[in-house]
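Chemist:
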Amino acid sequence: MKDNSTPLYTSPQLGQKVTDYAQQHSTPLPRHISDYHADISANREDSYYMSSIFQSQYNTFLAKSIRATRVLEIGVYVGFSALVWADAVGPSGLVTGLEFEPEYAELSKKAFAANGVDNVEIIVGPASDSLPKLNPTEPYDLVFIDADKTGYPGYLKQLLEFSKPGNSSRILRPGALIVSDNVLRRGLVADDKALGDDELKGDQLKNVLAVRQFNDLALQSPRLETFVLPLWDGVNVSRLLD
């Protein structure tokens, strides 16, 4: 019988080599996108908010696999992942980004303009306020959630509420994917003691509890099929059945 756990290598060094090999043998991102990632990584202390290049290769593959032409992003940061989705949906597609911080939104717009990307729109403000007002002319094929972790359960509830069968202006189409990042929180979602014996508290505790609730909601919803990938910091991929 095969081991049911995720692969464990004999050393961290081997694990890194395997990751590097897998990334190198996956279709690369366009040069302008990887260059932007390198620039942000080198020049911003908060660059850890960005998805990795490798994860973004997966996101591109996923979007193209379902022939997505419309992507909704909750949490834009400085626009790296929006560039990824914009490339995945093609010039005739649309990416709608919801970003709380006006500064991040402006930096994102500058990045789009600098790279000749004109198929991304940014809506500034709390995502919980923006979602009910979207009223899209066509539903989205995929939504990517990478924002404040305490907001995850609420975002999922809103996405389902505003994507009901028969709703002419629903946010997500039947079969749409809900892709959510950081759903394992360095292992803390699965094990409180993943990083040591210190008790979780403050924002860290709130984030872990919120993500646990989100994962539970996704699994328990009769309208979703869900698969949690123990890759990167954990990715929850849920498919809307109706």
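According to our numbering, numbering within the sequence shown proceeds without interruption in unit steps and concludes at 259.
All residues carry an ideal CB built from backbone N, CA and C; glycine is no exception.
Predicted, not measured: the structure shown is a model, and the values here were computed from it.
For the region 78–97 against the region 117–132, are there 3 or more C-beta pairs whose distance is under 8 Å?
Modeler: At 8 Å Cβ cutoff, the stretches touch.
Chemist: Do Ala227 and Ser255 come within 7 Å of each other at the CB atom, strictly closer than that value?
Modeler: Not in contact: Ser255 and Ala227 (Cβ atoms no closer than 7 Å).
Chemist: From the DSSP output, read off the bridge partner residues of Ile139.
Modeler: Answer by DSSP bridge pairing, in chain order: Gly114.
Chemist: Expressed to the nearest angstrom, what Euclidean distance is found between the alpha-carbon atoms of Asn232 and Leu115?
Modeler: Distance between the alpha carbons of Asn232 and Leu115 is about 21 Å.
Chemist: Residue range of the beta strand (DSSP E) that Leu159 falls in?
Modeler: From DSSP, the beta strand (DSSP E) with Leu159 extends over 157–162.
Chemist: Give me the DSSP bridge partner(s) of Ser255.
Modeler: Answer by DSSP bridge pairing, in chain order: Ile195, Thr243.
Chemist: For Leu11, name the three-state secondary structure that DSSP assigns.
Modeler: Absent from the model: residue 11. The displayed extent of the chain is 18 to 259, so no value can be given.
Chemist: Any idea which residues DSSP pairs Ile91 with across the strands?
Modeler: BP columns for Ile91 point to Leu115, Ile162.
Chemist: When DSSP labels each residue in this structure, what does Asp215 get in the three-state scheme?
Modeler: In this structure, Asp215 counts as coil in the three-state DSSP scheme.
Chemist: Does the region 156–166 come within contact of the region 78–86, defined as at least 3 CB pairs closer than 8 Å?
Modeler: Yes, they touch.
Chemist: So, at 6 Å on beta carbons, what are the nonlocal neighbours of Leu100 in its own chain, with the 5 sequence-adjacent residues on each side left out?
Modeler: Closer than 6 Å at Cβ, skipping near neighbours: Ile50.
Chemist: Taking all protein chains shown into account, decide if Asp104 is buried (16 or more other Cβ within 10 angstroms of its Cβ) or exposed.
Modeler: Buried, since its Cβ has 16 or more Cβ neighbours within 10 Å.
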